[in-house]
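Colleague:
Residue numbers (the working numbering): 1325 to 1488.
Written as structure tokens, this is what we have:
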């Protein structure tokens, strides 16, 4: 789903669906409480937004801005030792929000401002995500390999220089 859509009433081109949802991802990412990375994620089925998520500490717990970043203190590089973090990833929070609110996930597309890590890739696979559209790279080759094995389509956005 790439390319521009039809013109709007104002004559400006309407964004295609992937661009539309990726723009929403960026707004969701503005809610992040992580000091290292601002990530937003959406779960979408049949062009209907089902759930959103952003990275940050679990509800009711102090945010990293308040207590500092454990990963920074321990000098842990990006993509390593994800369990040593007080925050949840955006994709995890989107799946949790769907579960908390009783939203069934079937043949879902996940939009994310970054490529999922291995933990999120496994969770997205089990949450019936069939397609992942992401913008930024994440240093996790195993995640991409497992998604391919599971038949989950991984799409880099913007495709062919489109979007923005």
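Just so you know, even glycine gets a beta-carbon here, dropped at the ideal spot from N, CA and C. If you're wondering where the values come from, they're calculated on a predicted model, not measured in any experiment.
Check whether the stretch 1432 to 1439 touches the stretch 1339 to 1349, taking contact to mean three or more Cβ pairs, one atom from each stretch, closer than 8 Å.
Modeller: yes
Colleague: Please report how far the alpha carbon of residue 1360 lies from the alpha carbon of residue 1478, in whole angstroms.
Modeller: 24 Å
Colleague: Keeping to the same chain, check which residues put their C-beta closer than 7 Å to that of residue 1394; ignore five residues upstream and five downstream.
Modeller: 1408, 1409, 1410
Colleague: Between the alpha carbons of residue 1472 and residue 1455, how many angstroms are there, rounded?
Modeller: 10 Å
Colleague: Apart from the five residues on each side of it in sequence, which residues of its chain come closer than 6 Å, Cβ to Cβ, to residue 1430?
Modeller: 1452
Colleague: Of all the options 1377, 1350, 1352, which has the alpha carbon lying nearest to the alpha carbon of residue 1444?
Modeller: Checking every option, the nearest Cα to that of residue 1444 belongs to 1377.
Colleague: Within the stretch 1367 to 1434, note down every full alpha helix (DSSP H) run reaching 4 residues or more, in order along the chain.
Modeller: Those alpha helix (DSSP H) runs which fall completely within the stretch 1367 to 1434 and span 4+ residues are 1388 to 1391, 1394 to 1398, 1414 to 1424.
Colleague: Using beta-carbon positions only, say whether residue 1415 and residue 1365 come within less than 8 Å of one another.
Modeller: yes
Colleague: Considering only the alpha carbon of each residue, which of 1387, 1340, 1446, 1371 lies closest to residue 1358?
Modeller: For the residues 1387, 1340, 1446, 1371, the minimum Cα distance to residue 1358 belongs to 1387.
Colleague: Under DSSP, the beta strand (DSSP E) around residue 1354 begins and ends at which residues?
Modeller: Unbroken run through residue 1354: none, as it is neither H nor E.
Colleague: From which residue to which residue does the beta strand (DSSP E) around residue 1478 run?
Modeller: 1477 to 1480
Colleague: For the beta strand (DSSP E) that residue 1458 lies in, which residues bound it at each end?
Modeller: Note, residue 1458: beta strand (DSSP E), 1453 to 1460.
Colleague: Hey, how far is the Cα of residue 1404 from the Cα of residue 1334?
Modeller: 47 Å
Colleague: Can you give me the Cβ contacts of residue 1463 inside the same chain, cut-off strictly under 7 Å, excluding the 5 residues immediately before and after it?
Modeller: 1402, 1403
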